[in-house]
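Enquirer: UniProt numbering numbers the first residue of the sequence shown as 1 and each following residue consecutively. Let me give you the structure first, and then I'll get to my questions.
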Amino acid sequence: MNIIDESGILAISTRLQRLSEQLRKDGALVYKSYDIDFEPKWFPVIYTLHHKQILSVVELASEIGYTHPSTISLLKELEKQKLIRSKKDKKDERKRLVQLTSKGEELIIRMQPVWQLMVSVFTEIMNTENNLLKAITEVEEKLKQQGFLQRALQLSASK
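Set out below in structure tokens:
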């Protein structure tokens, strides 16, 4: 056990990041083993556009829960890969609408069996006494009700 593991809840952010990086790295290896050129960080955009077809950049950012700049950065990468395309909204020139290209649609068809495999693996590794996905959802809900900073300020004011 290292010092981060020993520090308990204080290092929760570090440990979640470490777990996330491990899952992304392993996910990339799974894609590669199926000869699919895909970065796991692209998943939220690709998956969302697969289900929602066409969205504005703002709608997409909201849907995946990323900041506008982070979303733009991902969209630039995906456009470079020719997996998505964007165009101005005819109703509102300021809006950019984003959708998958035919190359993006073809990629999804190739990835679907891999996603099913990943669901099986995730189900197996998450099958623990304390369900991680449920716990994450509960924590996210609490943070929506009141953010970390607000809670910290409230606690320090009451002391």
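We treat Cβ as the ideally placed atom computed from N, Cα and C, and that holds for glycine. Model, not experiment: these values are computed from the prediction.
#1: Out of curiosity, what's the CA-to-CA distance linking S7 and T14?
#2: Please list, in chain order, all residues of the same chain as L107 whose beta carbon is under 8 Å from its beta carbon, the five residues on each side excluded.
#3: When the Cα atoms are used, what is the spatial distance from L133 to G27?
#4: If you reduce the DSSP assignment to three classes, tell me which class L55 lands in.
#5: How far does the alpha helix (DSSP H) with L153 in it extend, from its first residue to its last?
#6: Around the C-beta of V98, are 16 or more other C-beta atoms found within 10 angstroms, so that it is buried, or is it exposed?
#7: Between E140, L100, A157, K95, which has its C-alpha nearest G65's C-alpha?
#8: Any chance the region 111-131 sits against the region 68-77, with 3 or more Cβ pairs inside 8 Å?
#9: In terms of alpha-carbon separation, which member of G104, A157, Q22 lies closest to Q81?
#10: Could you check where the beta strand (DSSP E) with S7 kicks off and where it finishes?
#11: Near S56, which residues of its chain fall below 7 Å by C-beta distance, leaving aside the five closest residues on each side in sequence?
#12: I'd like the list of long-range same chain contacts for L23, defined as Cβ closer than 7 Å, with 5 residues on each side in sequence excluded.
Expert: The structure says:
#1: 11 Å
#2: Setting aside the 5 residues that flank it on each side, L107 is surrounded in the same chain by I36, F38, I46, L83, each with a C-beta closer than 8 Å to its C-beta; the list follows chain order.
#3: So the two alpha carbons sit approximately 17 Å from each other.
#4: The three-state secondary structure of L55, taken from DSSP, is strand.
#5: Segment 148-157, the alpha helix (DSSP H) holding L153.
#6: It counts as buried.
#7: E140
#8: no
#9: Closest by C-alpha distance to Q81, out of G104, A157, Q22, is G104.
#10: Run containing S7: none; DSSP gives neither H nor E here.
#11: D89, K95, R96, L97
#12: Around L23: no qualifying Cβ.
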